[in-house]
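Heads up, the sequence shown is in the working numbering, so the first residue is 1 and it goes up one at a time. C-beta: ideal position from N, C-alpha, C; glycine also. The block underneath contains the structure these notes are about, expressed in structure tokens.
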Amino acid sequence: MSNRTKFYIGGEWVNPSTDATLEVVNPSTEQPIGVVALGTAEDVDRAVAAAVEAFDSFSQTTREERVELLERIVACYQKHLDDVAATISEEMGAPMGLAKAAQAPAGMGHFMTTLSVLKEYEFEESLGSVRVIKEPAGVCGFITPWNWPINQIACKVAPALAAGCTMVLKPSEVAPFNAVLFAEILDEAGVPPGVFNLVNGEGPTVGVAIASHPDVDMVSFTGSTRAGIEVAKNAAPTVKRVAQELGGKSANIILDDADFEQTISRDVFQMCTNSGQSCNAPTRMLVPSSRMNEAAEIAKSAAQNVKVGDPNDSGTTIGPVVSAVQYERIQDLIQKGIDEGAKLEVGGLGRPDGLNAGYYVKPTVFSHVTNDMTIAQQEIFGPVLSLIGYEDDDDAVRIANDTIYGLSGYVSGGDPERARNIARKIRTGNVHLNGAPVNQRAPFGGYKQSGNGREWGVHGFEEFLETKAIMGYGR
């Protein structure tokens, strides 16, 4: 891919302002697979200037013109779907099965969902003599992560394009090549020059330059809560809109009338998906205290059936975590769980047997965890489950809400009304009942330190609109 050491600015692949590059490492082999250019504030200035120039005309395009644009992007994306999957698998370690079934299609799914929203959305309404108009928010800056990389890019870019905004994207430097391919797809689809711009680089340089730039009207960030705080601080002096999708430590309440064998086995597998590197992963499993040992045995057995291995092996359930930094952080937190007295049921420190290279982590289950332990409070971002006991429904809700996060929650039980009642009491942006999957039409985002604003569907689309009231319009 010849454009990996270039930036996409103003509809062209251009050389960066410096020769600085960063090695991108395949986490399954620990070997370099290429280099990506590292941008500077000067590169961001060029990209923002291109977006500002393009905004005047693109913001005035019709709904029909933007519908046609999104349809062309979907068609081009479809052609390159296998390439997107292969790129994601190589640079962040997702098994090819997951990359082809979920990682790559998620990006196209957001464009298709946004397309359906755009076709039906009412941009204007009358309130007597007042006309209320929804207009594009302006120039947007996007800072996206490595764990579901194309998903997080597309769920920002698709609604921004549909709304008539222009944008500058900084993807994660850990897994940047999928973003380069994404830019090539948009170029092939005929996105007008300057509407979409790509500058690779590191957070302290390119990320800060985007968040603080006076000509950026909105910044949308997905990543850790720590980094999200810095983005908000950098954005504050220019009073720009900030949308954040941050960390999570989701509680998964298993009620006493649930089918324990089926439910716990299912949810251990879900927790491990993507090597546990999902912000909404159900990493705190709450079970009746009287049935802790029973639940632990089921969880242990399920974790032992999760096959860790080469992402290209068809039998692999999970691949490596993304980097050496991530691997060491997970190891430190596993040790913390042991030191603080949680019972290690399965997994633990080091790589799985037979894997001598790559950032592979053992699927790990701790039981008899209390909610004040580090592994119950910190986002581990690896295949590590904490089993926590509760006394009754109210106690389960209390424990679920006893966290700085509020991204997602899970409730499983035999009585639907009881489960729904508990779901209403959990302070999170999403709740999944009895294993229900995510839905790209539903709003996605969190309470508390899991962020603010919503992505996906009509709610995500509206994040990229400003509201104008014209008085006397109907006279």
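Through-space distance from residue j to residue i, alpha-carbon basis
i, j, result
"D82", "V180", "15 Å"
"V67", "E455", "19 Å"
"L355", "G348", "15 Å"
"L433", "S250", "13 Å"
"C140", "V52", "10 Å"
"A41", "G10", "16 Å"
"V168", "E417", "45 Å"
"E462", "V157", "13 Å"
"V308", "S314", "11 Å"
"M373", "N401", "15 Å"
"V458", "Y390", "37 Å"
"A94", "D415", "36 Å"
"N151", "G228", "18 Å"
"T87", "F177", "7 Å"
"I298", "R226", "35 Å"
"P282", "G474", "52 Å"
"S484", "M96", "Outside the displayed span of the chain (1 to 475) sits residue 484, for which this structure offers no information."
"A302", "T29", "27 Å"
"P437", "A104", "17 Å"
"V480", "N452", "Given that the chain is displayed from residue 1 to residue 475, the structure contains no residue 480 and the question cannot be resolved."
"M92", "G472", "55 Å"
"A160", "Q262", "41 Å"
"L38", "L186", "21 Å"
"Q244", "F444", "11 Å"
"T316", "I264", "20 Å"
"Q440", "I153", "14 Å"
"D393", "S412", "12 Å"
"Q331", "V346", "14 Å"
Contacts around residue i, its chain only, beta-carbon distance under 7 Å, and the 5 residues preceding and following it disregarded
i, result
"V191", "L69"
"A324", "Y359"
"G248", "C279, N280, E379, Y405, L407, S408, G446 and S450"
"E90", "N26 and I33"
"D215", "V48, V52 and V139"
"S224", "L246 and G247"
"N252", "D267, P282, R284, M285, L286 and Y410"
"V397", "I422, K425 and I426"
Where residue i sits in the DSSP three-state scheme
i, result
"V174", "coil"
"K249", "coil"
"N197", "strand"
"E466", "strand"
"T18", "coil"
"A303", "helix"
"Y121", "coil"
"H368", "strand"
"S129", "coil"
"A189", "coil"
"A243", "strand"
"F182", "helix"
"V438", "coil"
"K362", "coil"
"E261", "helix"
"I254", "strand"
"G350", "coil"
"H80", "coil"
"Y327", "helix"
"M167", "strand"
Own chain, CB closer than 6 Å to residue i, minus 5 neighbours either side, in chain order
i, result
"V431", "G409 and A423"
"G276", "G382 and P383"
"D256", "P288"
"S59", "P136 and G164"
"N234", "V208, A211 and S212"
"V35", "T21 and E23"
"T5", "A37"
"L115", "L70"
Integer-rounded CB distance, given that residue j should sit under 8 Å from residue i
i, j, result
"F142", "S220", "5 Å"
"V239", "A211", "About 12 Å; that fails the 8 Å criterion."
"A99", "A85", "4 Å"
"L198", "A183", "5 Å"
"G194", "A50", "4 Å"
"P363", "V306", "4 Å"
"T166", "F55", "5 Å"
Any chain D beta carbon closer than 7 Å to residue i
i, result
"T40", "No chain D appears in this structure, which consists of one protein chain only."
Cβ-based neighbour list, residue i, same chain, cut-off 8 Å, excluding 5 preceding and 5 following
i, result
"E466", "K134, E135, P136, A137 and G138"
"L118", "R63, R66, V67, L70, A162 and F461"
"N293", "S367"
_Touching by the beta-carbon criterion (3+ pairs, under 8 Å), the stretch 162-181 and the stretch 144-153_ = Yes, the stretch 162-181 touches the stretch 144-153.
*asked:* Below 8 Å, how does it come out for the stretch 114-130 and the stretch 12-22: are there three or more Cβ pairs, yes or no?
replied: As far as the Cβ criterion goes, the stretch 114-130 does not touch the stretch 12-22, which means the pair count is below three.
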